[in-house]
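Right, one structure below, let's go through it.
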Amino acid sequence: MNPMLQGIGIILIGLSGCIAYFYLSNLILDRVLFPARGPNAGRNINRANLWRPWLFMFPAIFALSLYLAYPVFETLRLSLMQRVAGGGYEWVGLNNYQRMMQDSKFWEAMRNNMLWLLVVPAAATGFGLLAAQLTDRIKWGGLAKSLIFMPMAISFVGAAVIWKLVYDARPIDLEQIGILNAIYLALGGAAPQTWLTIPFWNNFFLMAVLIWIQTGFAMVILSAALRGIPEETIEAAIVDGASGWQIFFKIKMPQIRSTILVVWTTITIIVLKIFDIVFAMTNGQWETQVLANYMFDKLFRANDWGVGSASAMVIMILVTPILVWNVRNARREMR
Amino acid sequence: MDNIAGRKSSLSWVVNISVFFLVVLWLLPTVGLFVSSFRTADQIASSGWWKVLFPSEQNLTLRTAGPDEQVEQDGLYVLEGQLFEPGSEAEISVWGASSRDIAAYEAGETAQLDDGETLFVGADGSYRMESPVPFEGSRGSRVFVTAETPPELTLNNYKNLLFDPNNVDGMSRAFMSTLTVTIPATVIPIVVAAFAAYALAWMDFKGRALLIACVVGLLVVPLQLALIPLLRLHLAIGIGKGYLGVWLAHTGFGLPMAIYLLRNYMVGLPRDIIENARVDGATEYQIFMRIILPLSFPALASFAIFQFLWTWNDLLVAKVFLIDATGKTTVMTAKIVELMGTRGGNWEILATAAFVSISVPLLVFFLMQKYLVRGLLAGSVK
Chain A
1 MNPMLQGIGI
11 ILIGLSGCIA
21 YFYLSNLILD
31 RVLFPARGPN
41 AGRNINRANL
51 WRPWLFMFPA
61 IFALSLYLAY
71 PVFETLRLSL
81 MQRVAGGGYE
91 WVGLNNYQRM
101 MQDSKFWEAM
111 RNNMLWLLVV
121 PAAATGFGLL
131 AAQLTDRIKW
141 GGLAKSLIFM
151 PMAISFVGAA
161 VIWKLVYDAR
171 PIDLEQIGIL
181 NAIYLALGGA
191 APQTWLTIPF
201 WNNFFLMAVL
211 IWIQTGFAMV
221 ILSAALRGIP
231 EETIEAAIVD
241 GASGWQIFFK
251 IKMPQIRSTI
261 LVVWTTITII
271 VLKIFDIVFA
281 MTNGQWETQV
291 LANYMFDKLF
301 RANDWGVGSA
311 SAMVIMILVT
321 PILVWNVRNA
331 RREMR
Chain B
1001 MDNIAGRKSS
1011 LSWVVNISVF
1021 FLVVLWLLPT
1031 VGLFVSSFRT
1041 ADQIASSGWW
1051 KVLFPSEQNL
1061 TLRTAGPDEQ
1071 VEQDGLYVLE
1081 GQLFEPGSEA
1091 EISVWGASSR
1101 DIAAYEAGET
1111 AQLDDGETLF
1121 VGADGSYRME
1131 SPVPFEGSRG
1141 SRVFVTAETP
1151 PELTLNNYKN
1161 LLFDPNNVDG
1171 MSRAFMSTLT
1181 VTIPATVIPI
1191 VVAAFAAYAL
1201 AWMDFKGRAL
1211 LIACVVGLLV
1221 VPLQLALIPL
1231 LRLHLAIGIG
1241 KGYLGVWLAH
1251 TGFGLPMAIY
1261 LLRNYMVGLP
1271 RDIIENARVD
1281 GATEYQIFMR
1291 IILPLSFPAL
1301 ASFAIFQFLW
1311 TWNDLLVAKV
1321 FLIDATGKTT
1331 VMTAKIVELM
1341 GTRGGNWEIL
1351 ATAAFVSISV
1361 PLLVFFLMQK
1371 YLVRGLLAGS
1381 VK
């Protein structure tokens, strides 16, 4: 029981520390620094209100700048430095990037990542749209939606175990326990395949895991968008004699285009950060390396912080267009 | 009219069937693992999980009783008994006395072994071993049988993995570590974000628009960038690898989403309520605690679910900021990856471990789905 009690103790300390900050800091502001009493009550209230937003936001701003903003610059700096034997760092300019470019594993990771970026968002959005469109029309659609949405709750590692069993292969004279091989043999396949070791194609078997997870997300959002389409436009199209396909592609799709774009970008960001699935299933062997796993490999296995930082910067550069687009969208909305 | 109605019903059949197919396709992988976690190692290895409800043919290695149970009958030394555990309904088809030929004899046959020994094995697992000289050694001799065993589901995998203190592969400690990471890493960002979101939504100050833009921008910053600088920082200021570090990291990484979701929600609250409270002399702190926080419950709940799922399922942050050489703080996801390396073929261990770790998020998912969907829709402008 000891570790459990210890855990609970640590949890309580963590939580009460956090709550104490907000309570006490506001108490000090209102009672001690600018009390709303006495001759200067009015001025004090105004002053307190000048300070309060920053008091409210301080922990958030602090955490955001320390954990997200500062690392961007620090990683950039580290990517231009190199460890010197015996401790310390020296400035090496773009040397790390050069070394990374000469690494064939890096290019393999880039190539695979591009493949992921092409396939996963498209497939997940496509399946999501299909599932949304179909489940909206049937009675048990709610249940179907929950079940398709369920993988969202499963960790990438859990999903990796789940799919490893699907892809499992055993020698031909034994009974197959991986369902994919069982189906493959039943359909007339000659020998059981070790799916995860087939170069190039194994990438798709890994992608299937992420598509499986993300389809539910796409479905939920697209289904809400489909329901948001005004009935009149569809009725008008039916009156004008449009077929089911025409209604879907010419009336519905254009109206939910911005939602599709949002789903697409969200999944793109997830793909760029994808690490767990590859790490757990192949660890980048058999030509399945991706950028995030390559970076982890360089950082914590090869202990090469220069190249590790450089590859982290590559991921940052790839998300930058989305970042700019996001900020511009948000500003437009705010006006 | 008939024609149109007919077409419609056939189309709805197509829709029903395709949705059914889609659901099965999406459910099948998880069901496979779930079923496997209730089967014995022998069963998993000898037949696919989809055959769980049918009897399976297995190759088993069983033992006769030890020599200390032999009895002397008519000048022969005899060992007699049952190969299977009591209550088993397995049926032996063929068997063998050596691992080189496990299908040498049919059930009901008597085999002549070395040294004049004979061995009879019946279909139900009963055996009779006779020898002119006393049996020696400490253990019974091995019998290799091919048996048709009825389907059997067991909770033993879970018992071993969760409640056996001697099991080095046990998950109970990892479960506690995960919990210790998850709870504060869910609550702290909510508290911090709620205050910040309120300030960004309802307080007037310079630079508000810029701050909101920053939050939106930070939404997409990959956390991979944070690994090296922050690990260095944690080591430098003495937090090292531990719970405090991983809470702070999860707080930092979860904040942009939290602030964004909560601010969007709070902006939508009616202005009158807040203005009235201000006129009545409530302080901003009181307004926040007594009015905004209770009204924001749906948004808080949906973010809490997200953050919970995300921290519970996380591997990378824990691997970098938490897990040290002692292995005391290993979280479940990392433990499973470890097991995948060392126990790659032992599906009964892997499947059970994975399901222990998946079960809590799944429970949360099915209980709180309403809030989860609401949160996704609110944040989908992201």
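Protein chains in written order, with the numbering used here: chain A, 1 to 335; chain B, 1001 to 1382. Heads up, the beta-carbon is just placed ideally off N, CA and C, and yes, glycines get one too.
Check                                                                                                                                                           : Outcome
Taking all protein chains shown into account, decide if S1359 of chain B is buried (16 or more other Cβ within 10 angstroms of its Cβ) or exposed.              : exposed
Q1202 of chain B: buried (16+ other C-beta within 10 angstroms of its C-beta) or exposed?                                                                       : The sequence shown places Trp at residue 1202 of chain B, not Gln. With 16 or more Cβ atoms within 10 Å of its Cβ, W1202 of chain B is classed as buried.
How long is the line joining the alpha carbons of V278 of chain A and V1221 of chain B, rounded to whole angstroms?                                             : 21 Å
Looking at the C-beta of D276 of chain A, does it have a partner C-beta in chain B at a distance below 7 Å?                                                     : yes
So, helix, strand or coil for R1374 of chain B, using DSSP?                                                                                                     : helix
Considering only their Cβ atoms, is the gap separating G158 of chain A from Y1354 of chain B smaller than 7 Å?                                                  : Residue identity differs from the one stated: residue 1354 of chain B is Ala in this sequence, not Tyr. Cβ atoms of A1354 of chain B and G158 of chain A: closer than 7 Å.
Contact check, M152 of chain A vs I213 of chain A under 8 Å by CB: the rounded distance?                                                                        : 6 Å
So, does the CB of L1255 of chain B fall closer than 7 Å to a CB anywhere in chain A?                                                                           : yes
Just the chain A side, please: which residues come within less than 8 Å of S1047 of chain B by C-beta, in chain order?                                          : E175, I177
Between the Cα of L1028 of chain B and the Cα atoms of A:E333, A:G42, A:L147, which residue gives the shortest distance?                                        : A:L147
Assuming N1275 of chain B is part of the beta strand (DSSP E), what are its boundary residues?                                                                  : What sits at residue 1275 of chain B in the sequence shown is Glu, not Asn. Counting along the chain, E1275 of chain B falls outside any beta strand (DSSP E), though it belongs to the alpha helix (DSSP H) covering 1271-1279.
Counting only Cβ pairs nearer than 9 Å, list the residues of chain A close to T1333 of chain B.                                                                 : S155, F156, V157, G158, D276, A280
How should R77 of chain A be labelled, buried or exposed, when 16 other C-beta atoms within 10 angstroms of its C-beta is the threshold for buried?             : exposed
Near P1361 of chain B, which residues of its chain fall below 6 Å by C-beta distance, leaving aside the five closest residues on each side in sequence?         : L1309, W1312
List the residues of chain B whose Cβ lies closer than 9 Å to the Cβ of N46 of chain A, in chain order.                                                         : Going along chain B, no residue has its Cβ under 9 Å from N46 of chain A, so there is no contact; the nearest lies around 12 Å.
Taking W1095 of chain B as the query, report the chain C residues whose CB atoms sit under 9 Å from its CB, ordered along the chain.                            : Protein chains A and B are contained in the structure displayed, whereas chain C is not.
Could you tell me whether the Cβ of Y67 of chain A comes closer than 7 Å to any Cβ of chain B?                                                                  : yes
Counting C-beta neighbours from all protein chains within 10 Å, is the total for Q246 of chain A 16 or more, i.e. buried, or is it exposed?                     : exposed
Which ranges would you report for the beta strand (DSSP E) in the stretch 214-238 of chain A if only whole runs of at least 3 residues count?                   : none
Return the residues of the stretch 1240-1267 of chain B that lie within a Cβ-Cβ distance of less than 8 Å from chain A, sorted by chain order.                  : Y1243, L1244, W1247, L1248, A1249, T1251, G1252, F1253, L1255, P1256, I1259
Counting along the chain, where does the alpha helix (DSSP H) carrying W1050 of chain B start and finish?                                                       : Premise fails: W1050 of chain B is in no alpha helix (DSSP H) and is neither H nor E.
Contact criterion: CB-CB distance below 7 Å. Does Y1285 of chain B meet it with respect to chain A?                                                             : yes
Taking the beta carbon of D1204 of chain B as the centre, do at least 16 other beta carbons fall within 10 Å, making it buried, or is it exposed?               : exposed
Comparing alpha-carbon positions, which option in B:S1126, B:A1103, B:G1075, B:Y1077 lies nearest F1084 of chain B?                                             : B:S1126
Shortest alpha-carbon distance to D136 of chain A belongs to which of A:I45, A:I221, A:I13, A:N283?                                                             : A:I221
Ordered along the chain, which non-local residues of its own chain (more than five positions away) have a Cβ less than 6 Å from that of V209 of chain A?        : A159, W163, I277
Please check if any C-beta of chain A sits within less than 7 Å of the C-beta of G1238 of chain B.                                                              : no
Taking buried to mean at least 16 other C-beta atoms within 10 Å of its own C-beta, is D1115 of chain B buried or exposed?                                      : exposed
Which runs of the beta strand (DSSP E) fall wholly inside the stretch 1078-1133 of chain B and span at least 3 residues, in chain order?                        : 1091-1096, 1110-1112, 1118-1121, 1126-1131
Considering only residues of the same chain and omitting the five flanking positions on each side of E1130 of chain B, which have a CB-CB separation below 6 Å? : L1076, V1078, T1118
Can you pull the chain A residues whose beta carbon is under 8 Å from the beta carbon of G1032 of chain B, in chain order?                                      : I162, L165, V166, I179
Determine the closest residue to I61 of chain A out of B:R1173, B:T1251, B:I1336, B:F1020, with distance taken between C-alpha atoms.                           : B:T1251
Can we say the stretch 1260-1271 of chain B touches the stretch 1153-1165 of chain B, given the rule of at least three CB pairs closer than 8 Å?                : no
Alpha carbon to alpha carbon, how far is A169 of chain A from G189 of chain A? Give it in angstroms, no decimals.                                               : 13 Å
Using beta-carbon positions only, say whether Y67 of chain A and A310 of chain A come within less than 7 Å of one another.                                      : no
Decide if G284 of chain A is buried, meaning its Cβ has at least 16 other Cβ atoms within 10 Å, or exposed.                                                     : buried
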